[in-house]
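Novice: Structure provided below as structure tokens; questions to follow.
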Amino acid sequence: MKFIDPHIHMSARTTDDYERMAAAGIVALIEPAFWLGQPRTNAGSYMDYLSSLVGWERFRAAQFGIRHYCAIGLNAKEANNVALAEEVMALLPRYLLKEGVVALGEIGFDDQTAAEEKYYRAQLDMAKELDMVVMVHTPHRDKKSGTIRSMEIAVEQGLAPARVIIDHNNEETVQDVLERGFWAAFTLYPHTKMGNERMVEIARRYGSERIIIDSSSDWGVSDPLAVPKTARLMLERGISAEDVEKISYRNALAAYGQTGQMAEKDWLDPADIDQRTLFEGNSVLRGQQPRIDELQQIPDRIKDLVFK
Amino acid sequence: MTPRELLVRWLSRQLPADATAWLMKSAAQVESTGKDASVYLAVSLVTRKVGKADLALSEPDLREAEGARANWDPRGWSADQAARVLLVLVLQQDPSRLARVLEQLCNSADVSELVAFYRGLPLYPDQPRYLARATEGLRTNIKGAFEAIALRNPYPSEQFPEAAWNQMVLKALFVGSALWPIVGLDRRANAELARMLRDYAHERWAAGRPVSPELWRCVGPHATGAALKDLERVLREGTEPERRAAALALRASPDAGARPLLERDAALAKAVAGGELTWERVCATA
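Written out as structure tokens, the structure reads:
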């Protein structure tokens, strides 16, 4: 099986993670621009971070045979630093149309302040003008009402729901998101967000249409194997193979591939120029199916497929 | 023809009409507008408008390239790289502006863009201006970006002071790049580089790691005294490619003690003298 992790912060992860991800069958990932764990104090550091997403981190992933795509944007937290936000907004156009930038994101609400709303709307405008897909981060506090508000604003700003992925969903938000025609992504993050047994039940209840899973692994206690583990758990617990493939691979590809910056041929039949520039002939790229039992051999991380 | 005109010709020849039209229109816009933003946007869009196929270049094309700019080797350039360099060259009437815009482009570049801008180094006006950018660029850990500056590029051999040149050659060995595509490798050989390379070889031997046969190419012309002992060791204990490299290095040595060492291996001495053994051959088998 092949997997995509469409929301993961690889700059916070080590090469051990890349090795395990590649062995587990992850062929592609999307890293959205976010904060660094503590606030940036000047636009230069934000710019250098954005450059690293299209530069060094993309290259780093490539050395393990994984295709790295990204989302570019001003995140919700740092929208509150208005002086910084203004400068970052002026920088975004330099990155938004680069190769491999699959979406504008991750944007939305954190505390649901006025400043956050202002820059969320401004970026939705940018996305509309540049015909981009949008990755929306929904707040962890006051999530249900914040999610609904995020969707309403997206529609107000003229975005089509099919062009917007609402991430970090849970049992309380999923129905609204699906009913309004948006993509519903779920972050499988131990302890604090979705657990994966619960995810299995969501798949059982709602099926696989427009449902996506991701790990959002970052510098916290999180699992970059959440996607393949959850896919396996779903299969074990009776979700159909077809649904599992959509939830853990095909839907992410469909949602984020809408602008043509991410396509299956990128990993099934990579261009020679990419091989020379990025991948140095890494054999993992040639569409080989990684052995599913390699997942079992990864020490320490794989004893228990379930995390709560 | 100028390099810019050649790039236009090669691209127009192989791109579909709408791609060429977009490129020419963007180039005109970049040239006429004072706004840097139009360059950033056009450069970003290049891959989706122009694609990434290699430039199809014939022998006459390569000769024309050499005629337009000495030692310019556009083999292996792709359409998107050529288009990006073209968009920068469009600013060449205003070298200050070109330098400023290029700096910004490099600071926000993705990997493919970096490779393009570095490959274009020999073509930008007022060549010494880019020294800091080139030496900074070599600090990268991204191998393709490193090689875009170091290999098949006349810029370092023409513009780098000795210290920067030496670090580049040493780093090429460190990152596993071949040395033979470095332009000016023989011309810029120097005693300090030979010393650094010998020290590196000793380090590798102490660690039980292999030494690239190509290393000895830059040692040979400055191999005197103790350096001969290194070459003797390689001749005695090395793999076939290493032994051939040591033979060539001994032949290039100015030290009177080199020839007797080489002649201990009659077959190799003969191959070197007869001209059958060249660095190209060594590298092909290394």
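In the order they appear, the protein sequences are chains A and B.
For the first sequence, the working numbering gives the first residue as 241, with consecutive numbering after it.
For the second sequence, the working numbering gives the first residue as 5, with consecutive numbering after it.
Backbone N, C-alpha and C fix where the C-beta goes; we use that ideal spot for every residue, glycine too.
Note that the structure is a prediction, hence the values are computed from the model and not measured.
Could you give the residue range of the beta strand (DSSP E) that holds His613/A?
Specialist: Within the shown structure, residues of chain A are numbered from 241 to 548, placing residue 613/A beyond reach of any answer.
Novice: Which residues, in chain order, does the region 43-54 of chain B contribute to contact with chain A at a C-beta distance below 8 Å?
Specialist: Against chain A - using a Cβ distance shorter than 8 Å - the residues of the region 43-54 of chain B are Tyr44, Leu45, Ser48, Leu49, Thr51, Arg52.
Novice: Determine the chain B residues that contact Lys242/A at a beta-carbon separation under 8 Å, and present them in chain order.
Specialist: Along the first sequence, read from residue 1 onward, the residue named residue 242/A stands at position 2. Ordered by position in chain B, no residue passes the 8 Å Cβ test against Lys242/A, which lies about 23 Å from the chain.
Novice: Residues of chain A with CB under 8 Å from Leu118/B, in chain order?
Specialist: As a working note, residue 118/B is residue 114 in the second sequence. Per Cβ cutoff of 8 Å: Gly295.
Novice: Should His380/A be counted as a contact of the ligand MG given a C-beta to heavy atom distance under 7 Å?
Specialist: Ligands are entirely absent from the displayed structure, and the ligand MG is therefore not among its contents.
Novice: Taking 7 Å as the limit between beta carbons, can you name the residues of its chain near Gly398/A, skipping five residues before and five after?
Specialist: Taking the first sequence and counting its residues from 1, one reaches residue 398/A at position 158. Correct list, in chain order: Lys368.
Novice: Go through the region 390-477 of chain A residue by residue and report every complete run of the alpha helix (DSSP H) that reaches 4 residues or more, in order.
Specialist: Here the runs fully enclosed are 414-419, 436-446, 466-476.
Novice: Report the partner residues of Leu269/A according to the DSSP bridge assignment.
Specialist: To locate residue 269/A, count along the first sequence from 1; it is residue 29. Answer is Asp245/A, His308/A, bridged to Leu269/A.
Novice: Just the C-alpha distance for His431/A and Gly460/A, rounded to the nearest angstrom, thanks.
Specialist: Counting from 1 along the first sequence, the entry for residue 431/A is found at position 191. Counting from 1 along the first sequence, the entry for residue 460/A is found at position 220. Computed Cα separation, rounded: 11 Å.
Novice: Have a look at Arg389/A and Glu318/A and give me their C-alpha separation to the nearest angstrom.
Specialist: Your numbering for residue 389/A matches position 149 in the first sequence. Your numbering for residue 318/A matches position 78 in the first sequence. About 19 Å.
Novice: Name the DSSP bridge partner or partners of Gly345/A?
Specialist: Along the first sequence, read from residue 1 onward, the residue named residue 345/A stands at position 105. Its beta-bridge partners are Met375/A.
Novice: Per DSSP, Asp58/B is paired with what?
Specialist: Numbered from 1 along the second sequence, position 54 holds the residue referred to as residue 58/B. Paired residue(s): Ser82/B.
Novice: Between the alpha carbons of Val328/A and Gln163/B, how many angstroms are there, rounded?
Specialist: Numbered from 1 along the first sequence, position 88 holds the residue referred to as residue 328/A. Numbered from 1 along the second sequence, position 159 holds the residue referred to as residue 163/B. In a straight line, the C-alpha of Val328/A is about 36 Å away from that of Gln163/B.
Novice: By alpha-carbon positions, which one of Glu236/B, Arg221/B, Gly180/B, Ser100/B ends up nearest to Arg213/B?
Specialist: If you number the second sequence from 1, residue 213/B lands on position 209. The shortest C-alpha separation from Arg213/B is found at Gly180/B.
Novice: Does Ser462/A have its Cβ less than 8 Å from a Cβ in chain B?
Specialist: Position 222 of the first sequence, counting from 1, holds the residue named residue 462/A. By this cut-off, Ser462/A is not an interface position.
Novice: Determine the chain A residues that contact Ile146/B at a beta-carbon separation under 8 Å, and present them in chain order.
Specialist: For the purposes of this step, residue 146/B is taken as the residue at position 142 of the second sequence. Those are Gly295, Trp296, Phe299, listed as they occur along chain A.
Novice: Roughly how many whole angstroms lie between the Cα atoms of Ala394/A and His377/A?
Specialist: Numbered from 1 along the first sequence, position 154 holds the residue referred to as residue 394/A. Numbered from 1 along the first sequence, position 137 holds the residue referred to as residue 377/A. The alpha-carbon atoms of Ala394/A and His377/A are separated by roughly 12 Å.
Novice: Counting C-beta neighbours from all protein chains within 10 Å, is the total for Thr282/B 16 or more, i.e. buried, or is it exposed?
Specialist: Start at 1 with the first residue of the second sequence, and residue 282/B comes out as number 278. Exposed, because fewer than 16 other Cβ atoms sit within 10 Å of the Cβ of Thr282/B.
Novice: What does the alpha-carbon distance come out to for the pair Tyr159/B and Pro185/B?
Specialist: In the second sequence, residue 159/B corresponds to position 155, counting from 1. In the second sequence, residue 185/B corresponds to position 181, counting from 1. One C-alpha to the other measures close to 13 Å.
Novice: For Lys56/B, which residues in chain A fall below 8 Å Cβ to Cβ?
Specialist: If you number the second sequence from 1, residue 56/B lands on position 52. Per Cβ cutoff of 8 Å: Ala511, Ile513, Asp514.
Novice: Quick one: give me the first and last residue of the alpha helix (DSSP H) that Ala495/A is part of.
Specialist: Within the first sequence, numbered from 1, the residue matching residue 495/A stands at position 255. From DSSP, the alpha helix (DSSP H) with Ala495/A extends over 491-496.
Novice: Any contact of the region 73-89 of chain B with the region 98-108 of chain B, i.e. 3+ C-beta pairs under 8 Å?
Specialist: Touching, no.
Novice: Out of Thr517/A, Phe274/A, Thr499/A, which has the shortest C-alpha to C-alpha gap to Asp350/A?
Specialist: For the purposes of this step, residue 350/A is taken as residue 110 along the first sequence, with counting starting at 1. Measuring from the Cα of Asp350/A, the nearest candidate turns out to be Phe274/A.
Novice: Under 8 Å between beta-carbons, which chain B residues line up against Tyr335/A? List them in chain order, please.
Specialist: Position 95 of the first sequence, counted from the start, is the residue given in the question as residue 335/A. Ser48, Ser112, listed in chain order.
Novice: Span of the alpha helix (DSSP H) holding Phe178/B?
Specialist: Counted from its first residue, the second sequence places residue 178/B at position 174. Phe178/B -> alpha helix (DSSP H) spans 166-178.
Novice: Does any residue of chain A have a CB that is nearer than 8 Å to the CB of Ser30/B?
Specialist: In the second sequence, the residue the question calls residue 30/B occupies position 26. False, the Cβ-Cβ gap to chain A never drops below 8 Å.
Novice: Can you check whether the CB of Leu265/B is closer than 8 Å to the CB of Leu272/B?
Specialist: Along the second sequence, read from residue 1 onward, the residue named residue 272/B stands at position 268. Along the second sequence, read from residue 1 onward, the residue named residue 265/B stands at position 261. No, these two residues do not count as a Cβ contact at 8 Å.
Novice: Please classify His408/A: is it buried, with 16 or more other beta-carbons within 10 angstroms of its beta-carbon, or exposed?
Specialist: Looking up residue 408/A in the first sequence gives position 168. Its Cβ being crowded by 16 or more others within 10 Å, His408/A is buried.
Novice: Taking 8 Å as the threshold (C-beta atoms), are Val119/B and Ala2/B in contact?
Specialist: No answer is possible for residue 2/B: it lies beyond the span of chain B, which begins at 5 and ends at 290.
Novice: To the nearest angstrom, how far is the alpha carbon of Val276/B from that of Ala256/B?
Specialist: Residue mapping note: residue 276/B aligns to position 272 of the second sequence, counting from 1. Residue mapping note: residue 256/B aligns to position 252 of the second sequence, counting from 1. About 10 Å.
Novice: What's the gap between the Cα of Val12/B and the Cα of Glu63/B?
Specialist: Locating residue 12/B in the second sequence gives position 8, where the first residue counts as 1. Locating residue 63/B in the second sequence gives position 59, where the first residue counts as 1. Distance between the alpha carbons of Val12/B and Glu63/B: 18 Å.
Novice: Any beta carbon from chain A within less than 8 Å of Ser82/B's own beta carbon?
Specialist: Position 78 of the second sequence, counted from the start, is the residue given in the question as residue 82/B. Yes, Ser82/B lies at the interface with chain A (some Cβ there is under 8 Å from its Cβ).
Novice: Output, in chain order, the set of chain A residues within a Cβ distance shorter than 7 Å of Ala41/B.
Specialist: Numbered from 1 along the second sequence, position 37 holds the residue referred to as residue 41/B. Within chain A, the residues near Ala41/B are Pro333.
Novice: Answer yes or no: does any C-beta atom of chain B fall closer than 8 Å to that of Met287/A?
Specialist: Position 47 of the first sequence, counted from the start, is the residue given in the question as residue 287/A. So yes, Met287/A belongs to the interface.
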